[in-house]
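One structure is given below, encoded as structure tokens.
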Amino acid sequence: MPERVRDFSWRRPKVLWRSRNDVLARLFGDPSNAIRRRCVTALRERGTPAAFTVHRPAAEFSFALVGDTGEGDKSQYAVVPPLLNAAGDTDFMIIASDVIYPTGDAAEYPEKFFRPYKDYFAPIYAVPGNHDWYDGLRGFLHVFCGLDVDCSPPPWRGPLSFVPRLLWRRSGTVDSRALAEARNLYRGAPSQQGVQPGPYWAIDTPSLRIIGIDTGITGAIDREQGEWLRGVSAGPKPKLLVTGKPIRVDDDHRPGPVEGGGTVDAIVQDPAHNYVAAIGGDIHNYQRYPVEVESGRTVHYIVSGGGGAFMHGTHTIPRTQAVDEADFRCYPLRGDSLSRYGKLYGRWLRLPKLFDLTPEEATAAVEHRLGIEPGRGYAGPAPSRRARFVASVLGVPRGNRSRPRFARLPVRKLPQRFRSEMADWDDPPFFKNFLRLDVTETELRIRCYAATGCGDHETAPPCEDEVTIPLC
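According to the numbering used here, the stretch in the sequence shown is residues 36 to 507, in order.
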């Protein structure tokens, strides 16, 4: 890490104020589609192929995937040693969403992107997340696409249009020299270089086509990108989608609207397109839903956003309806998540004797409320009244309800920035994660590794989930 780095915290009003474009986009309209069209036009005028595709000749290869990385503090840097040990030999890396927090500023790339991954000696590609869009995507386009373009939003219309015009956070200046120096200093080796075609792209190989889409601030994609996605998805070759917003998360279906009609998930589920998996960032934990779709195919919907940012709790995930609970996987496990949040609330409220639960106690409480099998082989007595109380007020749902009946403390029901963001911490265990994906001509193997920040896990990170998907 740098010698001096300030812990990143969403509890600081300045950080929340810098991220105000999220609220403005949801209230007055997301300008991402209009800005993206302008950027894509500039890329094509520069000579970028219309297909936005990178071709790789090897049928057998491997790559790492890490989501929601760039806080630039201890929790991000703690992911790097296990990532290098378990996936440092991969052919390339993909960052799925939110490369830079809080606002994607170009000035923050040296310490939050170039420096952390200086020892990863392969190219890095990325799909932008909502935070990368808070500066109009200017920093992202400059670093990953080599493009500096006007990223100002089009004028809003309507009786209250003066509000976003006054409050919208404009993109900062780009110091090209400073970015070039940082690239040369930290990631200047020839093997590390790779310019991606645009904010959305495809990596085509003989055995698998990897497609990355740009979901802007609110999760929608523009008409032009939708037409491109349908075109690049055509054909029987197996495909994997990488998206800034997950399609299935917290047992909720978020299909992703496409401007002009249709959804991203409809494209994924179309049997003619032969998708085998869809991986999204944005939510900072790991989840996997193997969903059976038309023609008896199974598509693995995966959330992988634990690359460095604060942890979104998993204990608020209800007993799954999208798939059988026995087929659902998450990291951290619900009981471990409840135990960690209980300790946090016990410290904040100065009631540790009430809220502190061991992982075994928390797991028993989760099992009691959800009616599921305990994780990690814990088998103990029924949960105490205290454990059941803590589980209820921290948002563990009851039975098959899609949402908790009540959650008295700010865990789930309040807006997102008042939930897990306020629970960010910089001491182990971190419960971060990254993926290693190995591709052969016949199968795709996906492994989820934990990054805890504990020294004994750096050289041999625990594998928390593994699935092998046939490609033929």
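Virtual Cβ for every residue (Gly too), placed ideally from N, Cα, C.
Predicted model only: the values in this text are computed from it and were never measured.
For residue i, which residues from the same chain have a beta carbon less than 8 angstroms from its beta carbon, with the 5 sequence-adjacent residues on both sides left out?
i    : result
L449 : The predicted position of L449 is uncertain, since its pLDDT is 43 and thus under 50; a value taken from the coordinates is nonetheless stated next. So no residue of the chain qualifies.
R404 : R423, A426, S427, V431, P432, R433, G434
K147 : T104, G105, E106, G107, Q111, V134, I135, Y136
A237 : A86, F87, T88, V89, R244, I245, I246, G247, V267
A417 : A399, H403
Where does residue i land, buried or exposed, given buried means 16+ other C-beta within 10 angstroms?
i    : result
G406 : exposed
W263 : buried
E95  : exposed
K509 : There is simply no residue 509 to check, as the chain begins at 36 and stops at 507 in what is shown.
G139 : buried
H177 : buried
V162 : buried
L220 : exposed
D42  : exposed
S268 : buried
H90  : exposed
A400 : buried
V209 : buried
F453 : At F453 the pLDDT is 47, less than 50, meaning the model places this residue with poor confidence and gives no usable figure here.
R283 : buried
K467 : buried
C365 : buried
L392 : buried
E143 : buried
Could you say which of the options lies nearest to residue i if we only look at CA atoms?
i    : options                : result
P189 : S67, L214, R81         : S67
H319 : T104, M36, F98         : T104
R200 : A486, G412, L62, P496  : L62
G341 : V358, E327, G315       : G315
G193 : P292, V134, A344, G64  : G64
R81  : L182, Q228, R150       : L182
G279 : D317, Y155, F363, V101 : D317
D362 : L384, H350, E408, A142 : E408
S226 : T393, I159, I129       : I159
R354 : R212, H347, L368       : L368
I337 : Y376, A307, V101, A141 : V101
Q228 : D285, D126, V303       : D126
R7   : V115, P137, I129, Y136 : Because the chain in this structure spans residues 36 to 507, residue 7 falls outside the shown range and cannot be described.
Q111 : P387, M346, G296       : M346
P48  : F98, P137, D108, E396  : P137
I135 : I282, I129, H335, G107 : G107
Q356 : S339, G207, G343, R323 : R323
R205 : P306, G174, E499, K467 : G174
W45  : A344, A93, S374        : A344
G508 : R39, R480, F465        : Only positions 36 to 507 of the chain appear in this structure, which leaves residue 508 out of reach.
V277 : E476, D287, W191, H335 : H335
Can you find the residues in the same chain that come closer than 7 angstroms, C-beta to C-beta, to residue i, ignoring five residues on each side of it along the sequence?
i    : result
R79  : A85
G233 : V75, L78, T83, F87, C180
I70  : G171, L172, C186, P188
R72  : D257, E259
E395 : Y413, G415
W203 : N56, L59, P188
G270 : none
G261 : V293, E294, G295, G297
Skipping 5 residues on each side, what residues in its chain have a beta carbon closer than 6 angstroms to that of residue i?
i    : result
F441 : Since pLDDT at F441 reaches only 45, below the 50 mark, its modelled position is unreliable, and the value read off the structure follows with that caveat. Excluding sequence neighbours, F441 sits near nothing in its chain.
E501 : R482
E493 : P116, P117
P505 : E478
K109 : D461
D285 : I352
P241 : A94
Can you tell me the Cβ-Cβ gap for residue i and residue j, rounded? I've got them flagged as a contact below 8 angstroms.
i    : j    : result
A113 : I252 : At roughly 28 angstroms, the Cβ-Cβ gap does not stay under 8 angstroms, so A113 and I252 are not in contact.
R471 : A217 : R471 to A217, Cβ: 27 angstroms. No contact.
L214 : A157 : Not confirmed; about 20 angstroms, so no contact.
H350 : S372 : 4 angstroms
V358 : V326 : 6 angstroms
G348 : Y376 : 6 angstroms
E499 : Y321 : 7 angstroms
A131 : S339 : 6 angstroms
V474 : S97  : 7 angstroms
P290 : R332 : The pair is not a contact, with the Cβ atoms about 17 angstroms apart (cut-off 8 angstroms).
State yes or no: is the beta carbon of residue i nearer than 8 angstroms to at least one beta carbon in chain D?
i    : result
A399 : Annotation note: the requested chain D is absent from the structure, which comprises a single protein chain.
Exercise for the section: Could you tell me whether the region 165-177 touches the region 51-62, where touching means 3 or more Cβ pairs closer than 8 angstroms? Expected result: Remark: three or more beta-carbon pairs, one from each stretch, lie closer than 8 angstroms, so the region 165-177 and the region 51-62 are flagged as touching.
Practice task
Decide if the region 301-314 is in contact with the region 369-381; the criterion is three or more beta carbon pairs, one per stretch, under 8 angstroms apart.
Solution key: no
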